[in-house]
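Participant: Handing you a structure now.
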Amino acid sequence: MKKDEVPQDKSNLESASFKELCYAVDENGEYTTVNSSGWDPKTIALNKAIEDINQRVDEAKQRVLSNQTSPIEYYMEFHKMDLPILASYVGFWKWRVKRHFKPQVFHKLSNNILQKYADTFEISIEQLKNIDLHHGN
Amino acid sequence: MEINFTHHQSAHCENGVISNLMKHHGFQVSEPMAFGIGSGLLFCHIPFLMVNHAPAFTYRALPGIIFKRFAKRVGIKIKREKFKSPAKAKAVLDKNLENNNPVGLQVGVYNLVYFPDEYRFHFNAHNLVVYGKENDTYLISDPVMEEVTTLTDKQLEKVRFAKGAFAPKGHIYYPVDFPKELDLEKAIVKGIKHTCKDMLAPVPVLGVKGIRYTAKLIRKWPKKKGVKKANHYLGQIVRMQEEIGTGGGGFRYIFAAFLQESSKILKKPELSELSKEMTLIGDSWRDFAVDASRIYKNRSAKDDAYNHVATQLEAIADKEEIFFKKLRKAIK
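Structure below.
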């Protein structure tokens with residue numbers, strides 16, 4: 001990649017007002033560094049990933065509202081987590097977390113366990129029990 | 001308390017931390033040098049691991065390994081510690097800062113508040129330097145950022161104790177012992193040899209074979225996983241290739257810069273020629289990313305398009321195989 005080929009596309013880096021560093025060759029074939037404001041193929045990939053996550057959050061929300069799953073799954077998706085990550089944050093086995101996705105199990109959970117989830121998601125137990133109180137979205 | 005530390009922006013976090021810490025201690029080590037000596041270049045399809053609901057790929061050695069190899073090869077010693085207790089981790093950090101010692105930390109990206117939201121995934125292999133503390137605020141030199149920044153002690157604790165794959169566990173590291181002069185020549189040769197070995201390894205998921213294996217998977221994805229998942233997976237390959245800190249082209253440009261610098265130090269003009277070749281390979285990786293992005297941009301891609309990018313990858317694998325065989329010969 002030549003110095004003047006370093007992409008300067010519009011990207012999400014703008015929101016944090018920084019440019020990333022790239023390596024490219026100058027007119028004499030020597031390597032140098034150039035700042036780049038972003039690159040479309042990468043921005044599209046990132047935006048797609050975010051879109052997918054938002055879709056997962058929406059689907060989880062619908063399933064919570066129709067009582068197919070517990071709010072834990074919704075908050076998990078909201079925080080871009082998956083089962084192994086959530087399990088390691090709360091310190092339970094994966095199968096246990098998965099069990100807590102069942103609404104009937106969730107309703108019987110002790111405050112102790114609920115608190116662990118609430119701490120992980122940085123919300124109150126009330127918010128954990130009722131996703132309408134979640135202001136993150 | 002602020003340590004007199006000079007922040008230099010780098011493409012990749014771990015090389016940047018190495019390079020910045022070495023410069024702080026009076027050794028001029030560039031980022032590509034750190035990357036090359038530490039044999040950072042790689043391709044690996046990490047089996048059994050799913051990241052963001054997609055298979056995991058990496059274009060570089062796993063966290064910590066680059067610095068470890070670098071240290072061993074140039075003859076410096078690093079002290080490393082991991083912790084169970086956040087309080088202990090904080091105490092050790094504070095103690096080092098009091099002793100005027102800037103330290104490297106491994107952190108998770110998800111709660112790194114100064115990163116753009118879109119980049120904040122549960123990715124735990126980021127590295128930064130802490131070079132001071134004012135009240136409850138730590139002074140942070142994050143190598144991929146243009147300027148220095150800060151984190152409160154709460155924010156720092158969170159990223160140091162992020163959970164999930166490669167959890168940092170408060171991982172702190174810093175060089176403690178230096179030789180009088182760095183023996184770069186020997187270190188470079190070792191670094192290059194190791195990279196050649198990795199890239200030509202007879203392991204199906206690693207190096208050139210790993211690239212071919214990935215190409216094979218791409219051909220299967222649309223039928224086996226459906227278009228939506230196939231696109232998501234393809235996006236993951238590009239995101240890892242072009243994540244912040246790759247310097248573009250899946251680290252290939254940084255490696256080319258390393259070869260160019262090495263050719264001068266070792267007085268081997270062949271390496272300079274090989275550097276040019278690596279630059280072209282980096283360009284091929286970029287072309288691959290452009291074509292892959294066309295696929296995941298419009299949802300209704302044809303099977304043919306997947307075969308096309310898979311063929312591109314196979315061509316890259318062929319080029320890299322020839323390249324690393326030549327490189328292996330050149331440093332014999």
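For the record, the sequence lines run as chains A and B. Counting from 1, position 88 in the first sequence corresponds to residue 88 in UniProt numbering; the numbering is continuous, with no gaps. Counting from 1, position 32 in the second sequence corresponds to residue 32 in UniProt numbering; the numbering is continuous, with no gaps. Quick reminder that beta carbons are idealized off the backbone N, C-alpha and C, glycines included.
1) Between the alpha carbons of A/Met81 and B/Phe121, how many angstroms are there, rounded?
2) Cβ atoms of B/Leu217 and B/Ala292: under 8 angstroms apart, would you say?
3) So A/Tyr75 is in the alpha helix (DSSP H); what residue range does that whole segment cover?
4) Measure the alpha-carbon distance for B/Leu49 versus A/Glu30 and round it to whole angstroms.
5) Beta-carbon separation of B/Met250 and B/Gln241 under 8 angstroms?
6) Strictly below 9 angstroms CB to CB, what residues from chain B border A/Lys102?
7) So within the segment 26-101 of chain A, which uninterrupted beta strand (DSSP E) runs reach at least 3 residues, ignoring any that extend past its ends?
8) Who does B/Ser141 pair with in a DSSP beta bridge?
9) Any Cβ of chain B within less than 8 angstroms of the Cβ of A/Asn137?
10) Taking the C-alpha atoms as reference points, what is the distance between B/Arg252 and B/Glu14?
11) Hey, is B/Asn52's beta-carbon within less than 8 angstroms of any beta-carbon in chain A?
12) With a 10 Å radius around its C-beta and 16 neighbouring C-beta atoms as the bar for buried, classify A/Gln55 as buried or exposed.
13) Looking at chain A, is there any beta carbon in it that lies within less than 8 angstroms of the beta carbon of residue 360 of chain B?
14) Hey, could you find the ends of the beta strand (DSSP E) B/Thr152 is sitting in?
15) Roughly how many angstroms separate the alpha carbons of B/Ala87 and B/Leu93, rounded to a whole number?
16) Any Cβ of chain A within less than 8 angstroms of the Cβ of B/Phe323?
17) Could you check how far apart the C-beta atoms of A/Ser37 and A/Lys10 are, in whole angstroms? I think they sit under 8 angstroms.
18) In the DSSP assignment, find the beta strand (DSSP E) that holds B/Asp177 and state where it starts and stops.
19) Determine, for B/Pro179, whether the minimum Cβ-Cβ distance to residues of chain A falls below 8 angstroms.
20) Can you check whether the C-beta of A/Tyr23 is within less than 8 angstroms of a C-beta belonging to chain B?
21) Is the CB of B/Lys163 under 8 angstroms away from at least one CB in chain A?
22) Comparing alpha-carbon positions, which option in B/Gly108, B/Gly132, B/Leu62, B/Ala11 lies nearest B/His126?
23) Can you name the residues of chain A whose CB is closer than 8 angstroms to the CB of B/Val238?
24) Counting only the same chain and skipping the five closest in sequence on each side, list residues whose C-beta sits under 6 angstroms from that of B/Leu112.
25) So what does B/Gly104 bridge to, in DSSP terms?
26) Residues of chain B with CB closer than 8 angstroms to the CB of A/Ser88, please, in chain order.
27) For the segment 122-144 of chain B, enumerate the residues whose C-beta is nearer than 8 angstroms to any C-beta of chain E, in chain order.
28) Go ahead and pull the three-state DSSP assignment for B/Ala59.
29) Name, please, each residue of chain A whose Cβ falls closer than 8 angstroms to the Cβ of B/His232.
30) Which class does B/Ile322 belong to by DSSP, given the choice of helix, strand or coil?
31) With a threshold of 8 angstroms between beta-carbons, can B/Lys68 be considered close to chain A, or not?
32) Tell me the DSSP secondary structure of B/Ile78 in three-state form.
33) Under a three-way DSSP split, which group does B/Met240 fall into?
34) How far does the alpha helix (DSSP H) with B/Met33 in it extend, from its first residue to its last?
35) Give me the residue from B/Pro143, B/Asn307, B/Ala91 with the minimum Cα distance to B/Phe5.
36) Using only CA atoms, which one of B/Gln106, B/Ile37, B/Ile46 lies nearest to B/Gly75?
Facilitator: So, to answer that:
1) 8 angstroms
2) no
3) 71-78
4) 39 angstroms
5) Checking the displayed sequence, the identity of residue 250 of chain B turns out to be Gly instead of Met. Yes, these two residues count as a Cβ contact at 8 angstroms.
6) Those within 9 angstroms of A/Lys102 in chain B number zero; the least Cβ separation is about 21 angstroms.
7) 31-36
8) B/Val129
9) Residue placement at A/Asn137 cannot be trusted, given a pLDDT of 48 that sits under 50; what the coordinates show is reported in the next sentence. No, because no Cβ of chain B sits closer than 8 angstroms to the Cβ of A/Asn137.
10) 16 angstroms
11) yes
12) exposed
13) Outside the shown range of chain B, which is 1 to 332, sits residue 360 of chain B, and nothing can be said about it.
14) 149-152
15) 10 angstroms
16) no
17) 7 angstroms
18) 172-177
19) no
20) yes
21) yes
22) B/Gly108
23) Pro41, Lys42, Ala45
24) Val159
25) B/Val129, B/Tyr173
26) Lys163, Gly164, Ala167
27) Of the protein chains in the structure, A and B, none is chain E.
28) Looking at the sequence provided, one finds Tyr at residue 59 of chain B rather than Ala. It is a strand residue.
29) Lys48, Ala49, Asp52
30) helix
31) no
32) strand
33) helix
34) 31-37
35) B/Pro143
36) B/Ile37
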